[in-house]
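A short worksheet on the structure shown next.
Written out as structure tokens, the structure is:
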């Protein structure tokens, strides 16, 4: 813990609860995590850097800047490293986050905010990987039918085989109406079959299953056995091709894993700034001005946890007035005043705007 604020005092001031109010303004879990990590620091240089960036972010937010769909990709990166392959739906969060990062990079580079622009320029250019993902995965998180020529050819062959099998079975049902239990084409064990009466065994069919009553046989006529066999082979080839496609795409992603991990840190930090700027806008909060003199002034300070019930508090004391005496009946006002004072000092030194004029 920092020497500026210990754990017990933080608990008494409900510091963590206020951080949650700020974290709710983040666009992503990354930003919320960055906010929750903020802790008061006795580091003037760090505070000046934070406030400079925060002022720029407040201006950017007023001008309409917003973050897109950001995802915490760290668990998926860990899974990719461990297993070497991700599912098709796992690439959607990558595509959305990489696209959002590109938008941030472009938007801030063209903005009149030099510190934010410099930070955004550190984001890597993942255009080739993003393009490859969208060429392979569609918006539903499924492999595109035309992801590779081989996949497209196999899908076309499967479609033709299914049509040929179903047509052959319909013809069989018409020829042997007296043996048909139900004139439908169904599947058992991945093979197309038809429901026949028990006496149909004499037709030279392959029986795959019987109904519970034993009155219906789910059978495969001999003429469709080769077609069903080839269909199974095509299905196996499709599985292998899909696996190969996903493994290859995962490999390309892993080549950029280190850069993406660094981008996530930058995006999380930017989102943390974004959350603080939105908190300031929602609460009409301001950035405090620090002075070398032992002086503190708060005007119209409103405790954020009290919401609309907060009664504005004004305090001013310093070298010429080093002591403040707070008196009054036991109705909670004195405690709220002291907690507001302590909380706002902690927030200010953590780089968080305070709901007051300071």
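Numbering (my numbering), first residue to last: 1463 to 1820.
The beta-carbon is built from N, C-alpha and C at its ideal position, and this holds for glycine as well.
Just so we're clear, the structure is a prediction, and the values are computed from it rather than from any experiment.
Determine the burial state of residue i: buried for a count of at least 16 other Cβ atoms within 10 Å of its Cβ, exposed for fewer.
| i | result |
| --- | --- |
| residue 1728 | buried |
| residue 1720 | exposed |
| residue 1611 | exposed |
| residue 1480 | buried |
| residue 1507 | exposed |
| residue 1788 | exposed |
| residue 1489 | buried |
| residue 1580 | exposed |
| residue 1567 | buried |
| residue 1430 | Nothing about residue 1430 can be reported from this structure: the residues present for the chain run from 1463 to 1820 only. |
| residue 1740 | buried |
| residue 1651 | exposed |
| residue 1766 | buried |
| residue 1723 | exposed |
| residue 1609 | buried |
| residue 1768 | exposed |
| residue 1687 | exposed |
| residue 1705 | exposed |
| residue 1499 | exposed |
| residue 1834 | The structure shown does not extend to residue 1834, since the chain is modelled only from 1463 through 1820, so no value can be given for it. |
| residue 1770 | exposed |
Tell me the rounded alpha-carbon separation between residue i and residue j.
| i | j | result |
| --- | --- | --- |
| residue 1588 | residue 1564 | 8 Å |
| residue 1544 | residue 1717 | 14 Å |
| residue 1572 | residue 1487 | 24 Å |
| residue 1584 | residue 1708 | 29 Å |
| residue 1671 | residue 1656 | 11 Å |
| residue 1539 | residue 1593 | 19 Å |
| residue 1537 | residue 1527 | 28 Å |
| residue 1503 | residue 1478 | 16 Å |
| residue 1737 | residue 1495 | 11 Å |
| residue 1725 | residue 1751 | 32 Å |
| residue 1713 | residue 1596 | 16 Å |
| residue 1627 | residue 1685 | 9 Å |
| residue 1645 | residue 1635 | 7 Å |
| residue 1653 | residue 1698 | 13 Å |
| residue 1578 | residue 1518 | 7 Å |
| residue 1530 | residue 1773 | 36 Å |
| residue 1812 | residue 1569 | 27 Å |
| residue 1810 | residue 1532 | 27 Å |
| residue 1797 | residue 1534 | 40 Å |
| residue 1754 | residue 1747 | 23 Å |
| residue 1694 | residue 1682 | 14 Å |
| residue 1505 | residue 1780 | 21 Å |
| residue 1468 | residue 1801 | 15 Å |
| residue 1551 | residue 1601 | 9 Å |
| residue 1641 | residue 1673 | 15 Å |
| residue 1667 | residue 1625 | 20 Å |
| residue 1808 | residue 1466 | 8 Å |
| residue 1631 | residue 1680 | 12 Å |
| residue 1782 | residue 1756 | 10 Å |
If you follow the beta strand (DSSP E) that residue i is part of, which residue opens it and which one closes it?
| i | result |
| --- | --- |
| residue 1670 | 1668 to 1672 |
| residue 1654 | 1653 to 1659 |
| residue 1718 | Looking at the DSSP string, residue 1718 is not in any beta strand (DSSP E), and its letter there is neither H nor E. |
| residue 1681 | 1678 to 1682 |
With 8 Å set as the bound, which would you pick, yes or no: does the beta-carbon of residue i sit closer than that to a beta-carbon of chain D?
| i | result |
| --- | --- |
| residue 1500 | Structure shown: chain D not included; a single protein chain is present. |
With a threshold of 6 Å on Cβ separation, who are the neighbours of residue i within its own chain once the five nearest residues in sequence on each side are excluded?
| i | result |
| --- | --- |
| residue 1620 | 1696 |
| residue 1675 | none |
| residue 1491 | 1534 |
For residue i, collect the residues of the same chain with a Cβ closer than 7 Å to its Cβ; drop the 5 residues on either side in sequence, then sort them by chain order.
| i | result |
| --- | --- |
| residue 1715 | 1542, 1556 and 1591 |
| residue 1806 | 1760, 1763, 1816 and 1818 |
| residue 1493 | 1730, 1733, 1734, 1736 and 1737 |
| residue 1692 | 1623 |
| residue 1515 | 1577, 1578 and 1735 |
| residue 1690 | 1627, 1653, 1654 and 1682 |
So, at 8 Å on beta carbons, what are the nonlocal neighbours of residue i in its own chain, with the 5 sequence-adjacent residues on each side left out?
| i | result |
| --- | --- |
| residue 1743 | 1520, 1523 and 1524 |
| residue 1607 | 1613, 1614 and 1617 |
| residue 1777 | 1758, 1759, 1760, 1763, 1786, 1799 and 1803 |
| residue 1638 | 1658, 1662 and 1665 |
| residue 1677 | 1643, 1659 and 1660 |
| residue 1605 | 1550, 1598, 1599, 1613, 1704, 1707 and 1708 |
Got a sec, what are the start and stop residues for the alpha helix (DSSP H) residue i sits in?
| i | result |
| --- | --- |
| residue 1649 | From DSSP, residue 1649 is part of no alpha helix (DSSP H) but of the beta strand (DSSP E) over 1648 to 1650. |
| residue 1775 | Taken as a continuous stretch (DSSP letters only), residue 1775 belongs to no alpha helix (DSSP H), being part of the beta strand (DSSP E) at 1775 to 1779. |
| residue 1487 | Premise fails: residue 1487 is in no alpha helix (DSSP H) and is neither H nor E. |
| residue 1806 | 1795 to 1811 |
| residue 1469 | 1469 to 1475 |
- request: Run through the stretch 1553 to 1623 for me and flag every whole alpha helix (DSSP H) of 4 or more residues, listed as ranges in chain order.
  value: 1553 to 1571, 1576 to 1582 and 1589 to 1598
Exercise for the section: Give, in chain order, every unbroken run of the alpha helix (DSSP H) that is at least 4 residues long and sits entirely within the stretch 1744 to 1770. Expected result: none
Practice problem: Can you check the stretch 1498 to 1540 for any alpha helix (DSSP H) of at least 4 residues that lies completely inside it and give the ranges in chain order? | Solution: 1506 to 1524
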